[in-house]
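All remarks here apply to the structure that follows.
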Amino acid sequence: MKTYESCRMEHPVFLYKNFTVTDEPEELRVTYHFEIPGLSSFDPVWRFPKKDAAPLRADENLTLQKMLFGLGMVELVSYWKIACPPRVIVQAGPLTGEQIRWWKELYFLGLGEFFYTNGIEADPEDFMELVSDAASLPGKNRPASSADGCLIPIGGGKDSACTIELLKKSGQRLKTYIINPRGATLETVRVSGLAMEDSIHASRTLDKRMLQLNQEGYLNGHTPFSALVAFSSLITAYLHELKYVALSNEASANESTVAGSTVNHQYSKSFKFEQDFHTYEETCIGSGIYYFSMLRPLSEFQIAAYFAKHPAYHEIFRSCNVGSKQDIWCGHCPKCLFVFLILSPFLSHERLSELFGTDMLEDLSMLEDFRKLTGLAEEKPFECVGSRDEVNAAVCLTIEQMEQAGAPLPALLRWYRSQPVYESAYPHRHDYDAFYDWNHLLPPAFLNILSEECYGGKLPC
384 MKTYESCRME
394 HPVFLYKNFT
404 VTDEPEELRV
414 TYHFEIPGLS
424 SFDPVWRFPK
434 KDAAPLRADE
444 NLTLQKMLFG
454 LGMVELVSYW
464 KIACPPRVIV
474 QAGPLTGEQI
484 RWWKELYFLG
494 LGEFFYTNGI
504 EADPEDFMEL
514 VSDAASLPGK
524 NRPASSADGC
534 LIPIGGGKDS
544 ACTIELLKKS
554 GQRLKTYIIN
564 PRGATLETVR
574 VSGLAMEDSI
584 HASRTLDKRM
594 LQLNQEGYLN
604 GHTPFSALVA
614 FSSLITAYLH
624 ELKYVALSNE
634 ASANESTVAG
644 STVNHQYSKS
654 FKFEQDFHTY
664 EETCIGSGIY
674 YFSMLRPLSE
684 FQIAAYFAKH
694 PAYHEIFRSC
704 NVGSKQDIWC
714 GHCPKCLFVF
724 LILSPFLSHE
734 RLSELFGTDM
744 LEDLSMLEDF
754 RKLTGLAEEK
764 PFECVGSRDE
774 VNAAVCLTIE
784 QMEQAGAPLP
794 ALLRWYRSQP
804 VYESAYPHRH
814 DYDAFYDWNH
824 LLPPAFLNIL
834 SEECYGGKLP
844 C
């Protein structure tokens, strides 16, 4: 296995050389060209469909060029992390000093899990020298022309289903956006009742050389995927003349994965990133498209309560990374356990066992993951899961409901019931106000919908 120090010594430079755009009637194809001199070049590809997009000349559109360049700036980090070269030279487009600071912060915080799990003590200043070595991009600024319409990125889990249901009440034109479609994402669109012809499917293809180098012992780990979603959804909204990009990231994503640190598996789903990206778009791109998360004022607990009221999605939603290729719940990973737990106060134990294909709360081999989810270990699982407080509230409420019904507690809940954490968490099982962070970027009309649907018209703040 290669080490961080040896890789940086052997491979001191990373190049973001350029990107080539093939602008065809049916699609916009973008190939990025990266290189670690002496090791390998990399040429990942994105494809954006243009089936009903406005006609444009990509090579003459500076606004679009800035978006495509930015997507490449996110894409490069997946290849940079192979050897973590200390010097990154950007030849594909210009960067101001403020942009360099913006990108370095995204890389450092977005790679927090990568550094942590690889035992790397990276310094926020010295881990990378980001150098701009490019002339201006071609074309003229052309802001988006549409005054309405929402693009909704779909991940296949409960969150994007909730965003769809909320925005169906907005009166806006709605289009869904999927990267590399799979069963659950397509089924979410079908079940929602939105037209499949209004679902836009982008393709992202990794360079196989990266995967080969990972197998050869070069560094690997988590990168800020949701930042790719941000830039690619912006491009898609621009091509299809939509005013809004409505994400489905919640308040719970703000909590660090490792207690007392900035290490957050969900950094690029956090409000900090949402705010930073919103500002970057306004000051460095200027498309006029408004990027925000529809669910930001909600916690995972509140989303679970809302999702439980929409049974059409229950059979088809999926958010298990282990089982994603088979489009299943694996029934034996921390993400499955979290979803099972957070839905437990709102769906019956029997129903959840049917949906997951197993009674996860009878599986004592999941005890360590259960401890991590409830805050009995320093770190949460490195998955997109809710806060420790809301998991404890969900567990306590489920225990209360089962005991009141005279139902026997499954193994994990029996264990929890006997622990000191139960005594401290039980009195706070109804303290829902503690689960959300009232920071958001929702436009007033969208906030009104959220208020009516999730707060009975009475916002808590």
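When we follow the numbering used here, the leftmost residue of the sequence shown carries the number 384, and every step to the right adds one.
Virtual Cβ for every residue (Gly too), placed ideally from N, Cα, C.
What you are looking at is a predicted structure, and each value in this text was computed from that prediction instead of being measured.
- Residue pairing of His416 in beta bridges, as defined by DSSP: Asn401.
- Take the alpha-carbon of Glu786 and the one of Leu825: they are about 40 Å apart.
- Beta-bridge analysis with DSSP links Asp406 to Leu411.
- Every unbroken stretch of the alpha helix (DSSP H) spanning 4 or more residues and falling wholly within the stretch 507-588 is given here in chain order: 541-550, 566-575.
- Of the other Cβ atoms in all chains shown, fewer than 16 fall within 10 Å of the Cβ of Glu599; this residue is therefore exposed.
- For Val774, the enclosing alpha helix (DSSP H) has its first and last residue at 771-787.
- Here DSSP, grouped into helix, strand and coil, assigns Arg812 to coil.
- Contact between Ser615 and Leu494 is ruled out by a C-beta separation of about 19 Å, above the 8 Å threshold.
- Annotated three-state conformation of Trp712 is coil, per DSSP.
- Shown here for Ser736: same chain residues with a beta carbon closer than 6 Å to its own, the five before and five after excluded, namely Asp742 in chain order.
- Where Tyr663 is concerned, the enclosing alpha helix (DSSP H) starts and stops at 654-663.
- For Trp485, the uninterrupted alpha helix (DSSP H) segment begins and ends at 480-493.
- Rounded to whole angstroms, the gap between the alpha carbons of Leu411 and Arg440 is 10 Å.
- Bounds of the alpha helix (DSSP H) holding Ile686 are 683-690.
- A Cβ-Cβ contact shorter than 8 Å links His697 with Leu738.
- With fewer than 16 other Cβ atoms inside 10 Å of its own Cβ, Arg573 counts as exposed.
- Counting along the chain, the unbroken alpha helix (DSSP H) around Leu833 starts and ends at 827-838.
- The continuous beta strand (DSSP E) containing Arg470 extends over residues 470-473.
- Counting along the chain, the unbroken alpha helix (DSSP H) around Tyr621 starts and ends at 608-622.
- Within the same chain, Cβ atoms closer than 6 Å to the Cβ of Asn775 are found at Thr757, Ala808, the five residues on either side in sequence being excluded.
- The DSSP-derived three-state label of Trp463 is helix.
- Spatial neighbours of Leu726 in its own chain (CB-CB distance under 7 Å, excluding positions within 5 residues in sequence) are listed in chain order as Ala687, Ala691, Leu735.
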